[in-house]
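Chemist:
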């Protein structure tokens, strides 16, 4: 069966272009250099719709791709560029007339409940608030989402334990700085790997490009697409450093898996 992955965004927490920057990437007229915050949209073969991360650009991304129904949302971690758009889900609640299932590890769910406390507490609603059903998902504990088996993956983001996700032939990892042995084995020979490659220079909490390419050589995916890039990565120039089965993703790119 064929599923579709659409990259809603492929940028870092600042997005690209960066406000006030006049570097070659930020002034580029190549649409591949314009990056909203990293997020992905899965259209499964049976019509199920799943989003990975809901950052502050989600409203724009949902309008662009006509996302009007979701069967579940997978959250990698609680940094703002990955959860900042949760309030935008209230319009989907209105359209779907039900709550939306959110999956993440215990730390992520606690942070969501803290930062978006008004969603879960009895408060004046005004223009409404999202209706979310939180589900804890931890590495090694596969769960079913609309009949599809999802495997949470252990990922380290600096000192912060976060989640990647594997569903069917897709292994999706962002904001990683290291991966434990269990995750490396789980993603070995995966048909499609999505993984972060922040920039050329080392960084304390994200893989830089050489680390990402080392990982790809180790786990040997059939295809790999790189996300969560800063403005240091100019798409056309950087692509020449990659082997044939590896590519920089760009916003709105669609892949079959």
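Numbering (my numbering), first residue to last: 200 to 456.
Every residue, glycine too, gets a C-beta built ideally from N, C-alpha and C.
1. Using only the alpha-carbon positions, how far apart do residue 384 and residue 224 sit?
2. Does the distance from the C-beta atom of residue 362 to that of residue 279 stay below 8 angstroms?
3. Is the number of C-beta pairs between the segment 286–297 and the segment 327–337 that are closer than 8 angstroms three or more?
4. In this structure, how does DSSP classify residue 371 when only helix, strand and coil are distinguished?
5. Could you check whether residue 376 and residue 404 sit closer than 8 angstroms to each other, using their CB atoms as the reference points?
6. Does the distance from the CB of residue 454 to the CB of residue 269 come in under 8 angstroms?
7. Roughly how many whole angstroms lie between the Cα atoms of residue 400 and residue 433?
8. Can you tell me which of 311, 324, 431 and 456 puts its alpha carbon nearest to the alpha carbon of residue 368?
9. Within 10 Å of its beta-carbon, does residue 234 have 16 or more other beta-carbons around it, so buried, or fewer, so exposed?
10. By Cβ distance, which residues of its chain are closer than 6 angstroms to residue 319, with the 5 residues on each side in sequence left out?
11. Considering only C-alpha positions, which residue in the set 309, 237 and 229 is nearest to residue 428?
12. Quick one: is residue 448 buried, meaning 16 or more other Cβ sit within 10 Å of its Cβ, or exposed?
13. Looking at the strands, I want to know which residues DSSP matches up with residue 252.
14. Could you give the distance in angstroms between the alpha-carbon of residue 339 and the alpha-carbon of residue 355?
15. Could you check what DSSP says for residue 421 in three-state terms: helix, strand or coil?
16. Decide if residue 201 is buried, meaning its Cβ has at least 16 other Cβ atoms within 10 Å, or exposed.
Modeler: Result, derived from the coordinates:
1. Counting from one through the chain shown, the residue named residue 384 turns up at place 185. Counting from one through the chain shown, the residue named residue 224 turns up at place 25. Rounded to the nearest angstrom, the two C-alpha atoms are 36 angstroms apart.
2. Reading the chain shown from its first residue, position 163 is the one you call residue 362. Reading the chain shown from its first residue, position 80 is the one you call residue 279. Contact annotation: residue 362 and residue 279 have beta-carbon atoms that are not nearer than 8 angstroms.
3. yes
4. For the purposes of this step, residue 371 is taken as residue 172 along the chain shown, with counting starting at 1. Residue 371: strand per DSSP, three-state reduction.
5. The sequence position of residue 404 within the chain shown is 205, counting from 1. The sequence position of residue 376 within the chain shown is 177, counting from 1. Closer than 8 angstroms, so yes.
6. In the chain shown, counting from the first residue as 1, residue 454 sits at position 255. In the chain shown, counting from the first residue as 1, residue 269 sits at position 70. No. Outside cutoff.
7. Counting from 1 along the chain shown, the entry for residue 400 is found at position 201. Counting from 1 along the chain shown, the entry for residue 433 is found at position 234. Whole-angstrom Cα-Cα distance: 14 angstroms.
8. Mapped onto the chain shown, residue 368 falls at position 169. Of 311, 324, 431 and 456, the residue nearest in Cα terms is 456.
9. The residue you call residue 234 lines up with position 35 of the chain shown. Flag for residue 234 reads buried.
10. Taking the chain shown and counting its residues from 1, one reaches residue 319 at position 120. The residues are 312.
11. Here the question's residue 428 lines up with position 229 in the chain shown. If we check each option's Cα against that of residue 428, 237 comes out closest.
12. Here residue 448 refers to the residue found at position 249 of the chain shown. By the C-beta density criterion, residue 448 is buried, having at least 16 other C-beta atoms within 10 angstroms.
13. In the chain shown, residue 252 corresponds to position 53, counting from 1. Looking at the DSSP assignment, residue 252 forms no beta bridge with any residue, so it has no partner.
14. On the chain shown, position 140 is the one that residue 339 refers to. On the chain shown, position 156 is the one that residue 355 refers to. Between residue 339 and residue 355, the C-alpha separation is close to 15 angstroms.
15. One-based indexing of the chain shown puts residue 421 at position 222. Residue 421: coil per DSSP, three-state reduction.
16. As a working note, residue 201 is residue 2 in the chain shown. Under this definition residue 201 is an exposed residue.
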